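Right, one structure below, let's go through it.
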Amino acid sequence: MPTPLHTPRVNNNDDSVRLVKLLVKAGDAVRAGQLVAEVETDKANFTVESDRDGVVLQITQSLNDTIAVGSVLLWLGEQADERVPAMAAVAAVAVQPGGTATSAPTLKAQQLLTKHGLSAGDVPARGERLTVADIEAFLATRTPPPPAPAPAAGAAMAAGTTQPLTPEERGMLRTVLWQRDEAVPGYVELTYDAAAWDRASADYQKREKLLLSPLLALMAHRLVRAAATDSRINSTIVGDARHVYSTVNLGFTIQSDITLYLAVVQDAGSLGTREFIERLGRIQRGALAHTLRSADLTGATVSFSSMARWNASRHVPVLPPFTSLIVAHAGARDGIGTLGATYDHRVLTGYDALHVLQAIAEPGGEFTAQETEGEQHG
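Structure (structure tokens):
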């Protein structure tokens, strides 16, 4: 019996995505978990997996189309000659061109409305909610796009070839553009006693019988605790209001071959120290094997990055979209380490960011045997 594979919701604020790559064609046999397509949201690119074994009967969407979340992406069957039902009878999302929104705009759409001085009633909606795609289509008809600026004198590029960006490169491009166009990034740093942290980490590793040093995980968990205590750290600006996240989702940078991931420990604030270390370890192994899924790469609310592996004495990380702080950890020299933070000055001050770094700089007493025992029996 033919079964539809629907366009997934990969971000809470996106009601539509753009289809940027098809990895299968009609007639192909696929297995459950096999990648079949790549879609693009306002924040990043994500792959779509088949949820069952079968044969691709029909692909219902076209490359570069903006498609509704929940709409049928393709049909799967047990046999290649099965007949696909009429789309009108099974469409998951009805799109009415020229319609009006019957409920509030998405969060991203509201931000765009505010930026252009519009209200939801000004823009025709094609679905039940007003989306970024609706607003962009409206703006394109209202005001022609400005012409591309002419190259400055003497700035002509040398001869070469143009190559398409990878999904990871496109994601990084959008991250950098968000920091440039939306956030007001600042940076602060301090030195700390790295030897004290090394001792605390070694003691914890021995006591918990861990194979690998938990140093970075322990420091990242300290950041999680700081974000759980101060909601401003775990927030962003949307329009002219503060959006406070309901959970602390820890983004953690992982370099795997030539790919840089910002992997995410979801709801990290609810995890004890040992559970957090184990969860982060699983995600790190997934990154190294390039097997992370969409849920492992979305929704960071605060982040931690380290370049100590390469003996960097300082690095200034790019602030991930819709976050207010990312902590930078660098290599130590003569027992003295460096902690830095890129922060969104719309949300936090330099003092706020330094306060977070000071909370991470001292290992303190939470890694004692008494607390570990309390976590195990709590």
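So in my numbering, spot 133 of the sequence shown is number 801, and the numbers just go up one at a time.
Ideal Cβ placement from N, Cα and C applies to all residues, glycine included.
Since this is a predicted model, take the numbers as computed values, not measurements.
In whole angstroms, what separates the C-alpha of residue i from that of residue j?
i: Y1019; j: P1031; result: 20 Å
i: E876; j: G954; result: 23 Å
i: E857; j: L1007; result: 6 Å
i: T675; j: Y872; result: 44 Å
i: V852; j: H983; result: 18 Å
i: R1014; j: G1005; result: 28 Å
i: L673; j: P832; result: 28 Å
i: I945; j: A864; result: 20 Å
i: K874; j: A805; result: 59 Å
i: A1073; j: A868; result: Residue 1073 falls outside the range modelled here, since the chain spans only 669 to 1046, and no answer is possible.
i: R977; j: L841; result: 24 Å
i: L886; j: I905; result: 29 Å
i: A760; j: L965; result: Confidence at A760 is low in this model, with a pLDDT of 37, below 50, so its placement is unreliable and the value that follows should be read with caution. Approximately 26 Å between the Cα atoms of the pair.
i: L879; j: R961; result: 26 Å
i: D749; j: D790; result: 47 Å
i: D1002; j: S973; result: 21 Å
i: G738; j: L993; result: 33 Å
i: Q1044; j: D849; result: Only weak support is given to the placement of Q1044: the predicted model assigns it a pLDDT of 45, under 50, and the value that follows is read from those uncertain coordinates. The straight-line gap from Cα to Cα measures roughly 45 Å.
i: A827; j: R838; result: 23 Å
i: E943; j: Q952; result: 14 Å
For residue i, list the residues DSSP reports as bridge partners.
i: W743; result: P672, Q726
i: T927; result: S924
i: S974; result: H997
i: D849; result: Per DSSP, none; premise fails for D849.
i: I905; result: R910
i: D898; result: BP columns for D898 are empty, so no partner.
i: L780; result: BP columns for L780 are empty, so no partner.
i: A1009; result: V856, V995
i: I1028; result: Partner(s): none; I1028 has no beta bridge.
i: S869; result: S869 is not bridged to any residue.
i: A697; result: V723
i: S684; result: A736
i: I945; result: None, per the DSSP bridge assignment.
i: D861; result: I1004
i: T715; result: E706
i: K689; result: E706
i: L918; result: V933, V970
Do the CB positions of residue i and residue j come within less than 8 Å of each other?
i: R686; j: T734; result: yes
i: E717; j: V707; result: no
i: L969; j: T941; result: Sequence check: residue 969 is Thr here, not Leu. Contact: no.
i: A996; j: P985; result: yes
i: L891; j: I1028; result: yes
i: L948; j: F920; result: yes
i: V912; j: S899; result: yes
i: V752; j: L725; result: yes
i: Y1011; j: A998; result: no
i: T671; j: L744; result: yes
i: I901; j: V1024; result: yes
i: L930; j: S971; result: yes
i: A888; j: Q934; result: no
i: A895; j: G854; result: no
i: S903; j: R893; result: no
So, at 7 Å on beta carbons, what are the nonlocal neighbours of residue i in its own chain, with the 5 sequence-adjacent residues on each side left out?
i: L780; result: V800, I803
i: W846; result: P989
i: L741; result: L673, H674, T675, A705, V716, T728, Q729
i: R720; result: T671, A700, L744
i: Y860; result: G1005, L1007, A1029
i: A862; result: A1000, G1003, I1004, G1005
i: L690; result: A705, I727, L731
Excluding sequence positions up to five away, which residues of its chain have a Cβ less than 6 Å from the Cβ of residue i?
i: G701; result: E717
i: E836; result: T927
i: G967; result: N917, V932
Using C-beta distances below 8 Å, list every residue in its chain close to residue i, excluding the 5 sequence neighbours before and after it, in chain order.
i: M975; result: H983, A996, H997, A998, G999
i: G722; result: T671, A697, V698, L744, G745, E746
i: A694; result: V724, L725, Q726, I727
i: V758; result: Interpretation of V758 is limited by its pLDDT of 38, a score under 50 that renders its predicted location unreliable; the figure taken from the coordinates is listed afterwards. The answer, listed in chain order, is P672, V740.
i: S881; result: S869, A870, Q873
i: M669; result: G745, E746, E750
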